[in-house]
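To start, the structure itself, in structure tokens.
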Amino acid sequence: MPVAEAMSESGPPAETVLLPQQFRMPHFETGSFLQRRRDLYANIANARRSEPPDEEGNRYQGVAEIRALLDLAEFDLAHGLAAEGRDVLAGLTPGLVRAHELKRASLEVGLAAIDTRDIPLSEGAEALLDPKYDLWRDQAVLVLLHHWKKGEVEEAGKYVDVAAKRLYQYSRPFVRKALPAMLDTAVETRQWAAARRLAGRFALDPELAESSNYLFQLARTAEAGGDYLTAFDNYLKAGQGNDLWAHRARMGLIQLGLNTGTLPLQDARTLLEQASRDWTGDAWGVAVLKQLADTNLQLGDGLGALKVLSNIMSRYPDTPDAQLARQQARSLWTDFYARGAAGKLSLSDFLTGHRRISEGYRFEPGFDLQTEALADRFMSLGATMVAADEYRETHDFLLVARDLGLVETDDRRLDMLRLKQADALYRGGQLDELAYILAEGLRGEEADLQDRLNLLRAGLHAERGEAADVVDTEVAEPTLHYLRLRAAAHFGRGDWEEAKRLYAIILGRAGKDATYSDAVRLLLSAHRSGDSETAIEVARRFQEVTQRPDWARIANSLTEEAPDLLPLRAVTAQQRVDTAEKTLENLRNLKSSGN
1 MPVAEAMSES
11 GPPAETVLLP
21 QQFRMPHFET
31 GSFLQRRRDL
41 YANIANARRS
51 EPPDEEGNRY
61 QGVAEIRALL
71 DLAEFDLAHG
81 LAAEGRDVLA
91 GLTPGLVRAH
101 ELKRASLEVG
111 LAAIDTRDIP
121 LSEGAEALLD
131 PKYDLWRDQA
141 VLVLLHHWKK
151 GEVEEAGKYV
161 DVAAKRLYQY
171 SRPFVRKALP
181 AMLDTAVETR
191 QWAAARRLAG
201 RFALDPELAE
211 SSNYLFQLAR
221 TAEAGGDYLT
231 AFDNYLKAGQ
241 GNDLWAHRAR
251 MGLIQLGLNT
261 GTLPLQDART
271 LLEQASRDWT
281 GDAWGVAVLK
291 QLADTNLQLG
301 DGLGALKVLS
311 NIMSRYPDTP
321 DAQLARQQAR
331 SLWTDFYARG
341 AAGKLSLSDF
351 LTGHRRISEG
361 YRFEPGFDLQ
371 TEALADRFMS
381 LGATMVAADE
391 YRETHDFLLV
401 ARDLGLVETD
411 DRRLDMLRLK
421 QADALYRGGQ
431 LDELAYILAE
441 GLRGEEADLQ
451 DRLNLLRAGL
461 HAERGEAADV
471 VDTEVAEPTL
481 HYLRLRAAAH
491 FGRGDWEEAK
501 RLYAIILGRA
511 GKDATYSDAV
521 RLLLSAHRSG
531 DSETAIEVAR
541 RFQEVTQRPD
551 WARIANSLTE
561 EAPDLLPLRA
571 VTAQQRVDTA
581 EKTLENLRNL
591 KSSGN
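Residue numbers 1 to 595, in UniProt numbering, belong to the letters of the sequence shown in order.
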């Protein structure tokens with residue numbers, strides 16, 4: 001087993017590093033594929049039979065079986081069979097001796113390097129990528145491929161020169177898997193000497209020489225040298241396939257058109273949208289979406305950019321790209337709602353844009369504040385139905401987001417949204433829907449919110465003519481609106497004493513802001529309850545406030561002292577009848593205005 005010693009500054013070995021064995025891929029490449037594979041499976045079967053079970057019937061892997069499994073995994077690596085080889089390694093029991101564990105870990109790194117799937121490495125395999133294992137001859141190639149798969153091309157470029165010189169020690173199937181990524185790294189980092197060496201390997205293999213990867217790299221090289229016509233031709237040829245390199249070639253065509261000014265930005269967006277549907281699931285899929293979002297922003301289409309950013313967040317969650325997309329999106333939708341709430345957008349554009357944005361951002365922290373602001377804006381303009389719907393949506397999504405642990409909010413916040421929805425329904429005359437909200441009630445027990453709910457409940461009963469229910473509705477701190485509802489209910493039931501008491505409270509609290517309707521009803525309640533003193537006081541108080549002649553006539557007729565009726569003279573009787581008729585007419589006029 002190869003050993004490397006790390007030297008301390010004083011000279012003596014500070015640490016002894018046990019290195020994995022170098023791969024023996026050419027050894028496993030010789031002979032008939034099927035025969036070699038059958039032989040390897042036979043070795044595994046023979047090894048298992050040679051290990052008898054223990055007294056309880058359990059069978060354990062012996063050294064012979066472990067070696068046979070490792071040989072089969074390396075055979076798969078030599079033939080570029082990543083998934084099959086990793087399945088073989090999964091059959092090894094944990095707790096291998098150090099030498100076998102190193103072999104297993106090295107094979108895992110090699111198989112992962114050519115695996116198109118993104119499966120995390122085990123801790124032991126990840127450790128072999130550490131620089132302390134740089135004397136392991138296979139590390140340069142594997143570390144390069146590891147970084148390239150993660151999109152870390154600059155880091156991968158550090159290993160191009162050494163890796164290019166070591167390709168001779170690997171099997172042809174493995175080289176076919178590794179070479180495209182290595183050449184891509186060399187071209188991307190502009191290491192032209194290594195790129196020429198790697199391109200020469202392509203020319204030696206007819207299959208690789210006609211591959212989309214090789215044509216793609218030729219196109220990139222031509223573009224870098226300013227030969228745009230050759231670049232265009234090779235991008236076009238490479239883009240005919242369905243693999244990664246064909247996808248990148250199509251993206252190269254788009255970028256070439258943009259760089260040379262031959263492709264309008266609007267057309268580029270159309271092509272990028274198509275590319276985003278054709279290729280997804282890896283770093284190149286993210287790159288398409290990021291470019292598409294930038295293109296939308298260049299075109300001034302913030303809503304389109306937000307849609308693309310939401311796709312990045314949903315397709316690639318828990319990635320740095322998703323975090324960056326979330327930050328960029330937050331800035332965009334915050335600006336959109338701020339402009340809408342400030343009246344800088346038409347109501348149609350505000351609502352249409354909101355509906356497009358909300359599809360992807362309802363569960364984002366803070367988004368509920370923006371949608372509430374939208375509802376407030378429409379509510380302030382009298383669009384009660386739109387406002388009620390959006391208050392409801394905001395409440396419901398916020399509740400679900402809290403239940404899912406996506407946001408933190410309390411019951412009071414939810415109840416306030418529910419009350420806003422109820423108020424919008426009440427103002428819009430949607431009484432049946434309002435009744436459902438009131439029947440459901442609130443989540444919390446705060447007195448001020450319960451008072452607001454009961455005020456709406458009283459309003460609902462008043463609108464439906466349910467005076468008894470209004471009277472039975474109580475609040476802890478009654479508002480003027482609530483007092484008016486309650487007073488009107490008593491007035492409608494003919495309970496003049498209670499109506500008079502409540503209207504007196506209303507006028508007392510309202511002060512100079514007391515309404516004409518309140519005064520009329522207090523005057524009528526006082527008169528009908530026989531309280532002439534209160535009636536006279538109200539009449540005198542409002543005589544200076546209102547200039548309406550009706551008020552003066554009614555106040556005088558209701559508050560004047562009646563003449564002696566006995567004996568009832570004909571003239572006196574006729575005067576009383578005429579006055580009564582005029583009073584009734586004036587009362588009807590005032591009651592209609594009071595209502």
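For each residue, glycine too, the CB sits at the ideal point set by N, CA and C.
If you draw a straight line from the Cα of LEU34 to the Cα of GLU84, it is about 15 Å long. By the Cβ rule, the segment 305 to 316 counts as touching the segment 360 to 370, because three or more pairs are nearer than 8 Å. Secondary structure note for GLY304: its alpha helix (DSSP H) is the uninterrupted segment 302 to 315. As far as DSSP is concerned, LEU414 takes part in no beta bridge. In this structure the segment 146 to 159 touches the segment 188 to 196; the number of beta carbon pairs closer than 8 Å is three or more. ALA375 and GLU390 do touch by the CB rule: their CB atoms are close to 4 Å apart, below 8 Å. Around the beta-carbon of SER380, fewer than 16 other beta-carbon atoms lie within 10 Å, marking it exposed. In the pairwise beta carbon analysis, the segment 100 to 114 is classified as touching the segment 136 to 151: at least three pairs are separated by under 8 Å.
Cβ contact annotation for LEU303 (same chain, cutoff 6 Å, sequence separation greater than five): GLY353, ARG356, in chain order.
The beta carbon of LEU145 sits closer than 8 Å to the beta carbons of ALA113, ILE114, ALA156, ALA178, ALA181, MET182 from its chain, once the five residues preceding and following it are set aside; these are given in chain order. In the DSSP annotation of this structure, TYR159 is not part of any alpha helix (DSSP H), being labelled neither H nor E. Of GLY459, ARG38, ARG172, the smallest CA-CA separation from GLY80 is found for ARG172. ARG326 is a Cβ neighbour of MET313, given a cutoff of 7 Å. The criterion of a C-beta distance shorter than 7 Å is satisfied by VAL88 and ALA73.
By the neighbour-count criterion, in which a residue is buried when 16 or more other Cβ atoms sit within 10 angstroms of its Cβ, GLY200 is exposed. For ALA209 and VAL17, the gap between their C-alpha atoms comes out near 41 Å. For GLN328, the uninterrupted alpha helix (DSSP H) run begins and ends at 320 to 341, by DSSP.
Contact fails between the segment 317 to 325 and the segment 344 to 351, because fewer than three Cβ pairs, one in each stretch, are under 8 Å apart. About 15 Å separates the beta carbons of LEU253 and ARG269, which is beyond the 8 Å limit, so they are not a contact pair.
Under the DSSP assignment, ALA375 falls in the alpha helix (DSSP H) whose first and last residues are 367 to 380. Taking GLN298 as the centre and dropping the five residues before and after it, the same chain places the C-beta of LEU265 closer than 8 Å to its C-beta, in chain order. Note that the segment 212 to 220 touches the segment 241 to 255; at least 3 beta-carbon pairs, one per stretch, sit closer than 8 Å.
Rounded to the nearest angstrom, the Cβ distance from ALA82 to LEU111 is 5 Å, consistent with a contact under 8 Å.
ILE119 carries a coil assignment under DSSP once its states are collapsed to helix, strand and coil.
Going by C-alpha positions, LEU417 is about 25 Å away from LYS344. Restricting attention to ALA224, LEU256, ARG248, ASP118, the CA atom closest to the CA of PHE232 is found in LEU256.
Pairing ARG220 with LYS150, the inter-Cα distance amounts to about 21 Å. ARG528 is positioned such that its CB atom lies closer than 7 Å to that of TRP496. Under the rule that a run must span 4 or more residues, the alpha helix (DSSP H) segments found entirely inside the segment 41 to 89 read 63 to 78. If only uninterrupted beta strand (DSSP E) runs of at least 3 residues are considered, none is enclosed by the segment 387 to 449. Where TYR170 is concerned, there is no enclosing alpha helix (DSSP H), because DSSP gives it neither an H nor an E. Taking every protein chain shown into account, the CB of ASP184 has 16 or more other CB atoms within 10 angstroms, so this residue is buried. Between the segment 444 to 463 and the segment 402 to 418, the count of Cβ pairs shorter than 8 Å is three or higher; the stretches touch. Around ARG166, the same chain offers ARG137, ALA140, VAL141 as residues with beta carbons nearer than 7 Å, after the five sequence neighbours per side are excluded. DSSP, read as helix, strand or coil, puts ASP518 in helix. Taking GLY62 as the centre and dropping the five residues before and after it, the same chain places the C-beta of GLU51 closer than 6 Å to its C-beta, in chain order.
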